[in-house]
Structures are given as C-alpha cells and as structure tokens.
Amino acid sequence: MTGLVDSGQGLDLPEDVRVMILAGGTGGHIFPGLAVARVLREAGARVTWLGTPHGLENRLVPAAGFELQRVGIRGLRGRGLAGWLAAPVRIVRAMLQARRILEAERPGCVLSMGGYAAGPAGVTARLLGIALVIHEQNAVAGWTNRLLRPWARAVCTGFPNVFDNARVTGNPVRREISGLPEPAVRYQDRSGPLRLLVIGGSQGASVFNQVVPEALARLPAEYRPEVRHQAGRQLQPAIQNYAKAGVEAQVAEFVDDMAEAWAWADFAICRAGALTVAELAAAGVPAILVPFPAAVDDHQTANARFLADAGAGWLMPQAEFTPGQLAGMMETLNRPELVRMASIARDRARPESALQVARACAEVLA
C-alpha cells in the first residue's frame, strides 16, 4: 500500500505518523501504555505521551525514551466538596492545555489508556477531529473510558464483556514477562520448599504485612515456603512482623525485575489489579488473589474471577483473608498442582495484546 510502512509484525502505518498516548497516575495505566508505545515506535511512528505532573509517568515515560507532555489535572475522588466545586474550572483548564499540546503535536490518533489526563485530553482530541482509540484495562470500565467510549473510533478491552462491540485484546505486558518459558519448563528441575511471592504494590498492603507472617508461623517450619515479600512504603512494618513471627523472608520495598520474580515464584499472594492479573497470566503463575475492597465498582473482584473461575488461582475476599484461613490453604499446596494451575494461567494470556492495540491505532490512521 502506497505511503504505508510495514513493521514486519503485520502493522502498516502511514509514513511520518504521530501517535499520542494518554495515560498516567499509576503503573496499571502506564506499563500497558509503554508496551503499546514500543510496538508503535518500532513500526516507525513518532510516539509522544500526555500525562500529569504528579503520577508515575514522570519517572517511567522519559526513562523509556518517550517525550512527556503534561496537563494540570488531579483525581476528584476523596477531595471533598471543595474538590468537586473546583472540578469544572480544573477540567476546562486541562482541556485548554491539552488543546495547545495537541495542536502543536498534531497526532494522527490518540490512544487513551486511562488516568486523570485521559478524560479532558480525549474529549479535546475528538473536538479537534483527531481519531480516538481507547483501551480499558479492568473487567469493569473506569469513569474516564466510560466517558470517552461514545467518542472513540476503536475500543479495546483487557477482559471480555466490558463494552459492546469492543475488541478483546487483553492487557499489554512487558516483553520480558510474556517471553518467559512455559511453566512446565520453569518448574521441571525444582525441588525443596515452595516459593511464595507476595506483592503489596507501591503503597504496600498492610493486610498482607499482618496476615502472611502470622499464617506462615502456623505452619511447621519444614512446610513453610521460601518467601519474597514486596512491601512498598510499608517496608519496616513488614520486616518487623516477620521478625516477630519468627519467619524468614526476603522483604524489599520494590521489585526491580518483575520478570525474574514471576519466573522464580511457584505461587503468589497479591491484589487483583488489571496489570497484576495480566502479568500472572503472561508468566503463568497461580495466585491467591485478595481484591482491594475499596476499589471503584469493586473492579478487582471482577478481574480476579478471570483467573479464579478458570482454576488458575483462588479468589479470597479480604474479610476472609485471615491467618487461619491462609495457613489452611497453604498447607494443602503442592508443586505438581501448582504447575497444573500455572499452565491454566498461561493459557489465559494474550501475548500479542500490545500488537493488537497498536493495530487498532493503525486501522484508524489508514
């Protein structure tokens, strides 16, 4: 096709095309966006990013080699009456900022991955006649993408049955994770104690810090798994709780290499954010999933069911996540059963998710 560049991945883009990604706030929006951005860049697109001055995008996006623009907007939840009263002014101001950026950059399309900047920037893009593609990561759509959905030329989702007439692409994950060996290969030479990876997220999960050490202390020492615990900002309380329980564990604030961590683990204990669920499937790791009870629209419970209902993990509401319950569950685990569940998880993965989202962008650009 004249004027199109074939990336070698079946992704045809117009020459000199520009794509802007709208994503910010948390890693759950940013990491999938980066996975798509890399595919688009390799296909010859000039990719820029629009976020906020406050989120993780300020560290992650420039580090990945992408130019970051910003609009001044924050979330409204939890900011009280004053926040809601000020919201119209802030949204209009963000739209004006987005307009200046979009008119200067002139992207052929914008891809919304969610987050605070995506709402005003996505609406502004459509008002300027720029094609809009949205990707919803969660099993229950967030407010921003519900707002943008009628304006979108293409709609992608991480889970089935989120929007009518959407393409289910899955959630893009980093290649280092999706490229890990199959579970049967990873597990084949393992012996000794099971390996437990606890992921508390950047903020930490205090319930994990309290319950996991107590549960492990209830197991006979010879049956306790080897433990790595990522505790986020709650590092010191987690270390103290393991010491108090008399349980050995490697406790860290962050995990620098998630691919290595997933490859190491026999099973995990974690929340059920969309990115976490996608990485569990991509790596092939069974998990005890404890949805964050305050998540908007309880979307983490819906995310968790994607693996739990298939037999690739266990859904344990936080109210039931007690030392006794957890110890009883871990006492029954064995490596052959975990390998079987890991293979089910891997079968739920969509390793070409980033490419599929990039293709949605290519189609509206053609």
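The sequence shown begins at -7 in this note's numbering and counts up by one.
Glycine included, every Cβ here is placed at the ideal spot set by N, Cα and C.
Which whole-angstrom value is the C-beta distance of residue i and residue j, which I expect to be below 8 Å?
| i | j | result |
| --- | --- | --- |
| Leu318 | Val219 | Their Cβ separation, rounded to whole angstroms, is 13 Å, which puts Leu318 and Val219 out of contact at 8 Å. |
| Ala123 | Arg145 | 5 Å |
| Gly47 | Gly107 | 7 Å |
| Glu329 | Leu211 | With 8 Å as the limit, Glu329 and Leu211 do not qualify as a contact, their Cβ atoms being about 17 Å apart. |
| Leu188 | Phe246 | With a Cβ gap of about 18 Å, Leu188 and Phe246 do not count as contacting. |
| Gly121 | Arg10 | Between Arg10 and Gly121 the Cβ distance is about 14 Å, and since that is not below 8 Å, they are no contact. |
Kindly indicate which three-state DSSP category residue i falls into: helix, strand or coil?
| i | result |
| --- | --- |
| Pro6 | strand |
| Ala304 | coil |
| Glu240 | coil |
| Gln89 | helix |
| Gly70 | Because Gly70 sits at a pLDDT of 49, beneath the cut-off of 50, its placement in the model cannot be relied upon, and the point is left open. |
| Leu299 | helix |
| Phe151 | coil |
| Ala37 | coil |
| Glu323 | helix |
| Ala294 | helix |
| Val247 | coil |
| Ala260 | strand |
| Glu128 | strand |
Can you list, in chain order, the residues of its chain with a C-beta nearer than 7 Å to that of residue i? Leave out the 5 residues immediately preceding and following it.
| i | result |
| --- | --- |
| Gly70 | Confidence is the limiting factor: at Gly70 the pLDDT is only 49, short of 50, which leaves the residue's position unreliable and the question unanswerable from this model. |
| Arg263 | Gly193, Ala197, Val282, Pro283, Phe284 and Gln292 |
| Leu139 | Gly111 |
| Tyr234 | Pro205, Ala241 and Val243 |
| Ser335 | Pro175, Ala176 and Gly276 |
| Ala270 | Gly150, Gly162, Asn163 and Val165 |
Taking just the CA atoms, how far does residue j sit from residue i?
| i | j | result |
| --- | --- | --- |
| Pro175 | Trp256 | 11 Å |
| Val368 | Pro45 | Residue 368 is absent from the model: the chain starts at -7 and stops at 358. |
| Arg85 | Gln228 | 41 Å |
| Arg82 | Ala346 | 32 Å |
| Leu208 | Phe151 | 33 Å |
| Met333 | Arg327 | 10 Å |
| Ser183 | Gln242 | 19 Å |
| Leu267 | Val39 | 22 Å |
| Pro179 | Gly162 | It is worth fixing the name first, because residue 179 is Tyr in this sequence and not Pro. Cα-Cα distance, rounded: 26 Å. |
| Phe23 | Ala237 | 35 Å |
| Val277 | Ala244 | 20 Å |
| Ala302 | Ala29 | 31 Å |
| Gly134 | Asp289 | 8 Å |
| Asp8 | Ser170 | 29 Å |
| Leu26 | Pro343 | 15 Å |
| Asp248 | Ala37 | 29 Å |
| Met250 | Pro217 | 19 Å |
Residues in its own chain within less than 6 Å of residue i by CB, not counting five upstream and five downstream?
| i | result |
| --- | --- |
| Val190 | Phe200, Val204, His221 and Ile261 |
| His127 | Met105, Cys148 and Val349 |
| Ala273 | Ala337, Arg340 and Ala341 |
| Leu307 | Leu281, Ala296 and Ala300 |
| Trp41 | Ile13, Val53, Phe58 and Leu60 |
| Thr136 | Gly106, Ala110 and Gly111 |
| Ala15 | His21, Ile22, Gly25, Met105 and Gly107 |
Tell me which same chain residues have a C-beta within less than 8 Å of the C-beta of residue i, skipping the five on either side of it?
| i | result |
| --- | --- |
| Ala354 | Leu3, Asp4, Leu5 and Ala35 |
| Gly64 | Thr44, Pro45, Arg82, Arg85, Ala86 and Gln89 |
| Pro309 | Val282, Pro283, Pro285 and Thr293 |
| Glu95 | Leu120 |
Since residue i is in the alpha helix (DSSP H), which residue starts that stretch and which ends it?
| i | result |
| --- | --- |
| Val53 | Glu49 to Ala55 |
| Phe23 | Gly19 to Glu34 |
| Gln232 | Leu227 to Ala237 |
Which two residues bound the contiguous beta strand (DSSP E) that contains residue i?
| i | result |
| --- | --- |
| Ser104 | Cys101 to Gly106 |
| Gly114 | Not the beta strand (DSSP E): Gly114 falls in the alpha helix (DSSP H), residues Ala110 to Leu119. |
| Thr44 | That residue, Thr44, is in no beta strand (DSSP E); it is neither H nor E in DSSP. |
| Leu281 | Ala279 to Leu281 |
Counting only C-beta atoms, is residue i closer than 8 Å to chain C at any point?
| i | result |
| --- | --- |
| Leu48 | The structure shown contains no chain C, having only a single protein chain. |
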